[in-house]
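Residue numbers (my numbering): 192 to 542.
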């Protein structure tokens, strides 16, 4: 029996420089496109991305539309009715979910942490309740949903985020050795701790620090870098393309993650897939994998001195190429795009 699945990608700002949940959503869609069977797929994309997505997913019906309240409450109900959408998939929580839609809803949750978005924090429980199936990106998140939201365990399924096609990368040539961190201004990303730890190492190492992601040029992190005269050793790139980020992973001497909360933890996982040494706080994507360890594990209580010492220890140690290659293979096998997209297809079929 043929059924129609609608996927909301209107929240993606720029698919060429996707971050966080945007990356996961695009990876899932890529896997669905590669492994589709008798299903019909409709992609709802904002006008900035629709043309490119049509070229990327030629077998899918990509509809160019608006975003935000107008899309969810004015246009989406019409699309659902017109195309006979059987299942509507939200790759992340959305601000303006239409609770009156007459279709089954599947939603992926990447975390329950409360942030600076008051409206989304308030709506999140109602979205979970409305969904026919909730996909948790890790068992850690599934347990949070059960304990903190009292969600019926039978309604939740764990499907990790996939690692997308990582064969294309830009050849990035650095003039100096470097340390890499990926994140944003959000408090839980804790990028300031990386900056302060690196500051302690500036007199004794020759590496530069590269910060990738949504880090404001007017925010606290940027001001700290300037005020403490370390801007000549720290490169803040902003968002970059996936191919450029892959090039950074391939050519870094050390990747550092100091997040205080991760529902999954994609960036450290990607860094290890590119055989980079990694210093990190705990992340579910690794703790639930088993037999895979960081080159140095951080504790949430570590201050900048302790983080700096662990970074320095890894930088000074001899790189074990065989270990890094075996670790990368284990990660790539476990989080393969094909196997994870097939799990999503089963959810859509059985919901």
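Yeah, the Cβ is synthetic: ideal placement off N, Cα and C, and Gly gets one too. Here the structure is a predicted model, which means the values were calculated and not measured.
Where residue i sits in the DSSP three-state scheme
i	result
residue 232	strand
residue 271	helix
residue 322	coil
residue 446	strand
residue 422	coil
residue 252	strand
residue 438	helix
residue 303	coil
residue 211	helix
residue 223	helix
residue 280	strand
residue 339	helix
residue 530	helix
residue 508	coil
residue 478	helix
residue 453	coil
residue 362	coil
residue 355	coil
residue 466	coil
residue 194	coil
residue 206	helix
residue 285	coil
From the options, residue whose alpha carbon lies closest to that of residue i
i	options	result
residue 443	404, 398, 359	398
residue 190	326, 268, 519	Lying outside 192 to 542, the shown extent of the chain, residue 190 is not represented and no answer is given.
residue 257	247, 202, 211, 219	202
residue 277	342, 198, 531, 379	198
residue 460	281, 344, 521, 331	521
residue 540	513, 229, 321	229
residue 195	245, 252, 429	252
residue 441	388, 375, 359, 275	359
residue 473	375, 418, 447	447
residue 352	242, 416, 499, 458	458
residue 429	508, 285, 476, 412	412
residue 345	312, 320, 517	320
residue 330	245, 454, 261, 493	454
residue 409	376, 421, 381	376
residue 381	323, 312, 452, 341	452
residue 267	422, 234, 491, 482	234
residue 269	244, 432, 292, 236	292
residue 395	418, 424, 246, 250	424
residue 513	342, 414, 466, 274	466
residue 517	417, 482, 532, 415	482
residue 433	508, 462, 476, 492	462
Close Cβ partners of residue i (< 6 Å) along its chain, the five nearest in sequence each way excluded
i	result
residue 214	none
residue 478	none
residue 281	199, 298
residue 333	327, 347, 349
residue 373	403, 404, 458
residue 315	284
residue 335	303
residue 422	416
Integer Cβ distance of residue i from residue j, believed to fall under 8 Å
i	j	result
residue 393	residue 542	Between residue 542 and residue 393 the Cβ distance is about 53 Å, and since that is not below 8 Å, they are no contact.
residue 406	residue 427	5 Å
residue 326	residue 299	4 Å
residue 379	residue 450	6 Å
residue 388	residue 502	6 Å
residue 295	residue 261	Contact doesn't hold; Cβ gap of about 23 Å is too wide.
residue 435	residue 361	5 Å
residue 243	residue 193	Their Cβ separation, rounded to whole angstroms, is 27 Å, which puts residue 243 and residue 193 out of contact at 8 Å.
residue 391	residue 495	6 Å
Same chain, Cβ closer than 7 Å to residue i, neighbours up to 5 away in sequence not counted
i	result
residue 357	437, 464
residue 505	445, 468, 470, 486, 487
residue 439	363, 371, 401, 403
residue 212	282, 283, 301
residue 534	350
residue 248	220, 224, 234
residue 489	449, 470, 471, 472, 498, 501
Neighbourhood of residue i by C-beta distance below 8 Å, restricted to the same chain and skipping five residues each side
i	result
residue 217	200, 203, 206, 209, 355
residue 529	222, 225, 226
residue 367	397, 398, 399
residue 480	521, 522, 525
residue 264	287, 289
residue 511	none
residue 254	233, 234, 235, 236, 241, 270
residue 340	303, 316, 319
residue 531	219, 222, 350, 351, 352, 353
Residues bridged to residue i [DSSP beta-bridge criterion]
i	result
residue 427	402
residue 199	235
residue 370	400, 445
residue 297	280, 324
residue 488	471
residue 218	According to DSSP, residue 218 bridges with nothing at all.
residue 349	327
residue 375	405
Near the ligand MN: residue i beta-carbon under 7 Å from a heavy atom
i	result
residue 488	In terms of ligand content, the structure shown is empty, and the ligand MN therefore cannot be addressed.
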